[in-house]
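As given, the protein sequences belong to chains A and B, one line each in that order. Counting in this note's numbering, the first sequence runs from 1 upward without gaps. Counting in this note's numbering, the second sequence runs from 465 upward without gaps. To keep things clear, I will list the structure first and then write my remarks on it.
Protein chains: 2
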Amino acid sequence: MTYQSPVLGQVLAHINATRPTAHARLADFLRIPSISAQPDHAGDCRRAADWAAEHLRGSGFSARICETGGHPVVIADHPGTGNGPHLLYYGHYDVQPAEPLELWDSPPFEPTIVQGKHGPRIVARGAVDDKGQVTMWLEAFRAWHDIAGGPPTRITVLIEGEEEVGTQNLLPFLHANRAALHADAAVISDTGMWDIDTPALSTRLRGIVYTEITLRAANRDLHSGIYGGSALNPINALTRILGGLHDAEGRVQLPGFYDGVVPLPEEQVRQWQQLGFDESEFLAGIGLSVPVGERGVPGLERLWARPTADINGIWGGYQGAGPKTVIAAEAGAKVSFRLVPGQDPEKIFSAFEQFVAARAPADAKISIRKFSADPAIVVPVDSPIVHAAETALFEEYGRKSVSVGCGGSIPVVEAMHSILGLDSLLMGFGLEDDQVHSPNEKFEIRCLDHGTRAHARLLAGLAG
Amino acid sequence: MTYQSPVLGQVLAHINATRPTAHARLADFLRIPSISAQPDHAGDCRRAADWAAEHLRGSGFSARICETGGHPVVIADHPGTGNGPHLLYYGHYDVQPAEPLELWDSPPFEPTIVQGKHGPRIVARGAVDDKGQVTMWLEAFRAWHDIAGGPPTRITVLIEGEEEVGTQNLLPFLHANRAALHADAAVISDTGMWDIDTPALSTRLRGIVYTEITLRAANRDLHSGIYGGSALNPINALTRILGGLHDAEGRVQLPGFYDGVVPLPEEQVRQWQQLGFDESEFLAGIGLSVPVGERGVPGLERLWARPTADINGIWGGYQGAGPKTVIAAEAGAKVSFRLVPGQDPEKIFSAFEQFVAARAPADAKISIRKFSADPAIVVPVDSPIVHAAETALFEEYGRKSVSVGCGGSIPVVEAMHSILGLDSLLMGFGLEDDQVHSPNEKFEIRCLDHGTRAHARLLAGLAG
């Protein structure tokens, strides 16, 4: 148990003693309006990168700013003082736009401490996503540096500035810098806890296949009186095809859709049951009351560990006011599938093509495009780094962490895996009500402090 | 047989002798750009109304221009010289816009005689729709006036100026002038022949119920990763509902949809079979090859005498370029049903509501609007006026006319029936290739001349 380590004890004491300074540093970081989506703020993005690099240099890292096709990336290295695994910490310094400004109770780039039900919280754009969460490990590095001359294991840091605009320039950067970014595992703090008292590791992310289907029929729009009853109506045909995506039990009807899907480990099922997820409350928040999806499958499992099919958009024919007696020439839809471990995205895409072809009427000219095909990600939970994280969280919180899923995909996690060959430890300290991407974004000081200490503990636990 | 009547012989001879004058009058009518949709042409619409009134006065009618909420209506009366049925002739002096002008081979409002496969044709906007067809009966009245001092039966004329913009101001006008427009039957020439040698009476018009359905689910757009598998997707639900509109045999699945639909009379079935309709050719013209609709039902029957269900428009979620992982809050569609005799529009609308309700998932907030609910129209074919028309056409063409259907509805026919209590005789002389509403609209001179004589014969046949 690293808890016994006198060095860790000193590091944690140092973190506690320097809290005001650490909080002030976070406030400085938050004052930089590094909005990646708004060209006017390109200079602020660079300032945020410089600020982070300077922070890291203050902790003994060698840090540099690397150009990309967009906003720069911060790369930093520290050899560490021990021989544990080489960790690659990932975060992002860019933030979402703050609009609508009138809905903020305080200016988005003037960090403000407000008292909430969990004590003080810091309110600002980027408070939790992701400057506050990056700050936790920056401060953990700082404490290890101050007390022990550096972290107890080798560390590389990668902080990008385009996470909020799709991470598009990062992918070629990762490809081009594979050697420099070589490590044993990635550590990312951009996810959440189960609740304020229950730390969590996100160990399952669903994958996604995103498609667009277009169905063309006649060579022009037709009068429905003259042609109705003889000419193929592409909207009739498209709804008939897509209306059969699920059976009455909510199961997706693509051929072989569930092939390879393995049941959740018993232990995972039990753990999620114990979380006491209230799906009615979850749905009530969005004005709904009855869950959809596979009948008989518990809510969290449906959201985190079962595949889905959703039509994300549909169009065709006349969409204006009043009536128009037209049979359209064409109709289309966006259709996506959330995937779980065991499902091969390319096979799912082929299965969708087959599903459509089998239901396509004569004369339907169909094209299907593929926008993305990313597999689900499951973090091997019996790895040394996951065990170390569980230990760190247990010692910090006095209760076991839970292993949660994430219904959406986090593109950088897939990139870490496919480009750099790294599994990611997703240890985040956000809460569901943190207003991510919304006005009055906040981060609980309690989460910030616990998170900083948990990161310091994790490093101790991995010390070689 | 009125053919023997010496007066009719003189009338027909007069029509033949005065062809150049009649054609010149039509050309004058066509030179007036009475485009009802374009406010700049309001004065031209009034000029066209005046022109028609003047024409009628020249044939002994009392004619007046009546104001409406839009372009004026021409009303004219002639007591006739005999005691046959009182006929209400309906036509319209307004025309469609001529755009795109660059696709015309001659200026749309400079009528031009062009040689075609059927001999000379007159090319101009409105040539067949409806100035040329109105001219046929105007010239028949003129000939009866010149030879016999007036038509052999009482006639009222109603020529409107807003047919091409939806006839909206005519309906209150009909209501307000029911007494003045009292008659025994309506005569309308705004339809077509089967082919250049085969005259036709349109005896069946499908009705229509036109609806809009909206399905709302969550109170806002959702992230499909976070909510997919639990939250109702309104597009999934809408396609599932509408995808079930037809069974595999092409039959509409609304409860009781076919209740009251009577099989076509044997005689009608046989007549349509003999027409030799080539559905492959019909579909090839629009880039299709395989008919849809009820399996096993002949093409013309599906187009003219069987009900349909068509989705005329659909929308929901993300319709832009690329992917967006959204579960929409709402989706909607325009859905219409073509009706045949025996179907009650209000019952069909209720059946659609039931159909939707039975398939609506929990939490779906559904609203269905009704834009129109018009029954099908079938002209009783054993009436004296239909027999007289058949005789007139037989004597003019030397072959029997056919009784055809019309897949669409003609709103004024429904109005004649519901507001004035009149059946309509639909005796038209257009051809399928007349380019109605398109550049280079034309009317065959052969059709014009035959049509004028057929109208003159019809009047003789109805003389009391």
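Where is the CB? At the ideal position from N, CA and C, for every residue including glycine. Since the model is a prediction, treat every value here as computed from it, not as a measurement.
Burial state of residue i, where buried means 16 or more other Cβ atoms lie within 10 Å
i: A/N236; result: buried
i: B/A918; result: buried
i: A/K131; result: buried
i: A/N83; result: exposed
i: B/H929; result: Beyond the ends of chain B as shown, which are 465 and 928, falls residue 929 of chain B; an answer cannot be given.
i: A/M1; result: Below a pLDDT of 50, predicted positions are generally treated as unreliable, and A/M1, at 40, falls in that range; no measurement from the model is reported.
i: B/N683; result: exposed
i: A/Q274; result: exposed
i: A/G317; result: buried
i: B/A477; result: exposed
i: A/A24; result: exposed
i: B/Q632; result: exposed
i: A/T211; result: buried
i: B/V726; result: exposed
i: B/E745; result: exposed
i: B/N697; result: buried
i: A/P20; result: exposed
i: A/A362; result: exposed
i: A/H246; result: buried
Which of helix, strand or coil DSSP assigns to residue i
i: B/V452; result: Outside the displayed range of chain B (465 to 928) lies residue 452 of chain B, so it cannot be described from this structure.
i: B/F813; result: helix
i: B/H582; result: coil
i: A/T135; result: helix
i: A/E396; result: helix
i: A/E54; result: helix
i: A/D278; result: coil
i: A/T391; result: helix
i: A/H71; result: coil
i: A/E267; result: helix
i: A/W315; result: strand
i: B/Y557; result: coil
i: A/H437; result: coil
i: B/V629; result: helix
i: B/I874; result: coil
i: A/Y210; result: strand
i: A/M416; result: helix
i: A/E102; result: helix
i: B/A643; result: coil
i: B/A797; result: strand
i: B/H609; result: helix
i: A/I241; result: helix
Assumed close pair residue i, residue j - CB separation to whole angstroms, cut-off 8 Å
i: A/A124; j: A/E441; result: 7 Å
i: A/V379; j: A/D423; result: 6 Å
i: A/D184; j: A/P79; result: Not a contact, Cβ separation roughly 14 Å.
i: B/Q579; j: A/G313; result: With a Cβ gap of about 52 Å, B/Q579 and A/G313 do not count as contacting.
i: B/L923; j: B/W608; result: 6 Å
i: A/L264; j: A/A305; result: 5 Å
i: B/G630; j: B/D838; result: Rounded, the Cβ-Cβ distance is 13 Å, inconsistent with contact.
The ligand GTP heavy atom lying under 6 Å from the CB of residue i
i: A/H437; result: As presented, the structure is devoid of all ligands, the ligand GTP included, so that no description of it is given.
- Task: Residues of the stretch 301–322 of chain A with a CB closer than 7 Å to any CB of chain B: list them in chain order, please.
- Result: R302, L303, R306, T308, D310, I311, N312, G313, I314, W315, G316, G317, Y318, Q319, G322
- Query: On the three-pair Cβ rule with 8 Å, is the stretch 329–347 of chain A touching the stretch 820–829 of chain B?
  - Reply: no
- Item | chain A contacts from the stretch 693–718 of chain B (Cβ-Cβ distance under 8 Å) | G693, S694, A695, L696, N697, I699, N700, L702, T703, R704, I705, L706, G707, G708, L709, H710
- Query: Is it a yes or a no for the stretch 396–407 of chain A touching the stretch 190–210 of chain A, going by three-plus beta-carbon pairs under 8 Å?
  - Reply: yes
- Identify each residue in the stretch 209–221 of chain A for which the Cβ-Cβ distance to at least one residue of chain B is less than 7 Å, and report them in chain order. Y210, A217, A218, N219, R220
- According to a CB-to-CB cut-off of less than 9 Å, which residues of the stretch 787–813 of chain B neighbour chain E? Looking for chain E here will not work: the only protein chains present are A and B.
- Stretch pair the stretch 531–541 of chain B + the stretch 617–626 of chain B: three plus CB contacts closer than 8 Å: yes
- Contact list for the stretch 377–408 of chain A against chain B, Cβ threshold 7 Å: G407, G408
- Query: Do the stretch 710–730 of chain B and the stretch 320–330 of chain A meet, that is, are 3 or more Cβ pairs less than 8 Å apart?
  - Reply: no
- Message: I want to know whether the stretch 871–890 of chain B touches the stretch 565–583 of chain B - three or more CB-CB distances under 8 Å.
- Response: no
- Query: Per the contact definition of three or more C-beta pairs closer than 8 Å, is the stretch 287–303 of chain A in contact with the stretch 689–696 of chain B?
  - Reply: yes
- Item | Selection of the stretch 735–755 of chain B by Cβ proximity to chain A, strictly under 8 Å | E743, F746, L747, I750, G751, L752, S753, V754, P755
- Residues of the stretch 357–378 of chain A with a CB closer than 8 Å to any CB of chain B: list them in chain order, please. P361, A362, D363, F371, S372
- Message: Counting only Cβ-Cβ distances shorter than 9 Å, please list the residues of the stretch 407–430 of chain A near chain B, keeping chain order.
- Response: G407, G408, S409
- When Cβ atoms are compared, which residues of the stretch 644–670 of chain B fall closer than 7 Å to chain A? R670
- Under 8 Å (Cβ pairs) to chain B, residues found in the stretch 136–168 of chain A: none
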